Amino acid sequence: MSFTLNSRFLRNVMRRGKMPDSNSQISIDPLTPHIGAEVSNFQIAEPMDQSRFGQIHAALMTHQVLFFRNQEMTLDQQKDFARQFGELHIHPGIPGPEGHPEVIAIHTDENSTRIAGEDWHTDVSCDAAPPLGSILHMHTVPKTGGDTLFASMYAAYEALSEPMQTMLGGLTARHSGEMAYRGRYAYRGVDDADLVYPNNDHPVVRTHPVTKRKSLYVNRIFTEAINGLTPTESDALLQFLYLHISKPEFQVRFRWQPGSVAFWDNRAVQHYAIWDYFPQTRSGYRVTVAGDPPY
Ligand SMILES: [Fe+2]
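Numbered per my numbering, the sequence shown spans residues 827 to 1121.
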């Protein structure tokens, strides 16, 4: 299967080309007390001044994942927006569309046998410096289904008892690209026989470099084991943490529409892509912002 740009979608973007008034006030409407906010009066395709960048950045720091509706943009415009937040990340296992190595085509249809991200995870946590965040723009969505769940790892950490927080605070865990990716994208035509996937240790509790808040940083897709524990101890502790982080109290659930965008802070949230819409099509593009080594 090959992935090419959705040319009809891009032609529509070029033809309409109408942008809202850049002076209109950005609205930030929280969706839950712990996580998620909907942003309106803001077009990602539009050049952003310092004031508007400051408002979006501050909202992301507070709410951890931002949702935007009715966004029209080219891949270049999506990348330009992402670059305001940092260098762009290139995925270790998924080649981008022609001319856009920093873009991941997200696509599921009647021929799909699996999808990426169908379990709780942070993106590419096997990297030494995992991504800061991801910006996903959907252009084709099923009539119903295909929602994405996001969970605040701040809220999950803060809900733990102090003795548990203290114990976890001294631990690191192994994050394995090999475990997560080997053979995973064969269904997309990716032959990874010659690829070496990254494996790295990260703290089980990380400190956000901007907000300084602490969050849980182990996830089902990438975390292989907690270092220094016996395999039985590590498995038991990880299973407890995975159960804990999946509590609905820490979550927001986003229902996509054509043109919706989600921008999540990969340092503070985990997400879960729900595949309940087979054989319908769900399709979009993700641009990922590079991050720093967790501490
Ligand atoms: Fe993901």
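Think of the CB as a built atom: it goes at the ideal place given N, C-alpha and C, for glycine as much as any other residue.
Keep in mind it's a predicted model, so treat the numbers as computed, not measured.
**Message:** With DSSP as the reference, identify every bridge partner of G1110, one or two as the case may be.
**Reply:** Counted from its first residue, the sequence shown places residue 1110 at position 284. DSSP lists I932 and M964 as partners of G1110.
**Request:** Taking the CB atoms as reference points, tell me whether F1076 and A1088 lie closer together than 8 Å.
**Result:** For this step, residue 1076 is matched to residue 250 along the sequence shown. For this step, residue 1088 is matched to residue 262 along the sequence shown. Not a contact, by the Cβ cut-off of 8 Å.
**Message:** Rounded to whole angstroms, what is the Cα-Cα separation between F907 and E1059?
**Reply:** Here the question's residue 907 lines up with position 81 in the sequence shown. Here the question's residue 1059 lines up with position 233 in the sequence shown. Straight-line spacing of the CA atoms in F907 and E1059 works out to 43 Å.
**Item:** Close beta carbons around G1117, own chain, < 6 Å, minus the five adjacent residues each side
**Value:** Counted from its first residue, the sequence shown places residue 1117 at position 291. If we look at G1117 and ignore the five residues flanking it on each side, its Cβ neighbours are A955, P956, P957 and L958.
**For K905, the three-state DSSP class (helix, strand or coil)** = By 1-based counting over the sequence shown, the position of residue 905 is 79. In the structure shown, K905 sits in a helix (DSSP, three-state: H, G or I).
**Item:** Assumed close pair H1028, S951 - CB separation to whole angstroms, cut-off 8 Å
**Value:** Taking the sequence shown and counting its residues from 1, one reaches residue 1028 at position 202. Taking the sequence shown and counting its residues from 1, one reaches residue 951 at position 125. With a Cβ gap of about 7 Å, H1028 and S951 count as contacting.
**Item:** Inter-residue spacing [alpha-carbon to alpha-carbon] between E1150 and G1009
**Value:** An answer regarding residue 1150 cannot be provided, because it is not within the stretch 827 to 1121 covered by the chain.
**Message:** Restricting to Cα atoms, I'd like to know which of D1091, A1019 and I1100 is closest to A884.
**Reply:** Locating residue 884 in the sequence shown gives position 58, where the first residue counts as 1. Nearest option by C-alpha distance: D1091.
**Message:** What ranges does the alpha helix (DSSP H) occupy inside the stretch 1014-1091, keeping only unbroken runs of at least 4 residues that lie completely in it?
**Reply:** Uninterrupted alpha helix (DSSP H) stretches at least 4 residues long and entirely within the stretch 1014-1091 occur at 1057-1071, given in chain order.
**Message:** For the beta strand (DSSP E) containing Q1096, name the first residue and the last one.
**Reply:** The count along the sequence shown starts at 1 and reaches residue 1096 at position 270. Q1096 -> beta strand (DSSP E) spans V1095 to A1099.
**Request:** Would you check if there are 3 or more beta carbon pairs closer than 8 Å linking the stretch 983-994 to the stretch 1032-1042?
**Result:** The stretch 983-994 makes contact with the stretch 1032-1042, as at least three CB pairs between them are under 8 Å.
**Message:** Against chain B, does S978 count as a neighbour if the rule is that its beta carbon must be under 8 Å from one of theirs?
**Reply:** No chain B appears in the structure shown, which is made up of a single protein chain.
**Message:** At the level of alpha carbons, what is the spacing between K905 and T1056?
**Reply:** Sequence index remark: in the sequence shown, residue 905 carries index 79 (1-based). Sequence index remark: in the sequence shown, residue 1056 carries index 230 (1-based). Distance between K905 and T1056, taken at the CA atoms: about 44 Å.
**Request:** Spell out the partners DSSP gives M1001 in its beta bridges.
**Result:** Reading the sequence shown from its first residue, position 175 is the one you call residue 1001. For clarity, residue 1001 is His in the given sequence; the question names Met instead. Under the DSSP definition of a beta bridge, H1001 partners with N1026 and T1049.
**Asked** Does the Cβ of P873 have 16 or more other Cβ atoms within 10 Å, making it buried, or fewer, making it exposed?
**Response** Taking the first residue of the sequence shown as 1, we reach residue 873 at position 47. Exposed is the call here.
**Asked** Helix, strand or coil for S853 per DSSP?
**Response** Along the sequence shown, one-based indexing puts residue 853 at 27. DSSP places S853 in strand when its eight states are reduced to three.
**Request:** Please work out which residues of its chain come closer than 6 Å, Cβ to Cβ, to Y1007, disregarding the five sequence neighbours upstream and downstream, and give them in chain order.
**Result:** Here residue 1007 refers to the residue found at position 181 when the sequence shown is read from its first residue. Only G919 and Y1023 meet the Cβ criterion.
**Asked** Under the rule that 16 or more other beta-carbon atoms within 10 Å means buried, what is L1069, buried or exposed?
**Response** Position 243 of the sequence shown, counting from 1, holds the residue named residue 1069. Only exposed fits L1069, as fewer than 16 other CB atoms lie within 10 angstroms of its CB.
**Asked** What do you reckon, are the CB atoms on Q897 and Q876 nearer than 8 Å?
**Response** Counting from 1 along the sequence shown, the entry for residue 897 is found at position 71. Counting from 1 along the sequence shown, the entry for residue 876 is found at position 50. No, the Cβ-Cβ distance between Q897 and Q876 is not below 8 Å.
**Cβ-Cβ distance between P1120 and R1032 below 8 Å** = To locate residue 1120, count along the sequence shown from 1; it is residue 294. To locate residue 1032, count along the sequence shown from 1; it is residue 206. Against a cut-off of 8 Å, the Cβ pair of R1032 and P1120 comes out as a contact.
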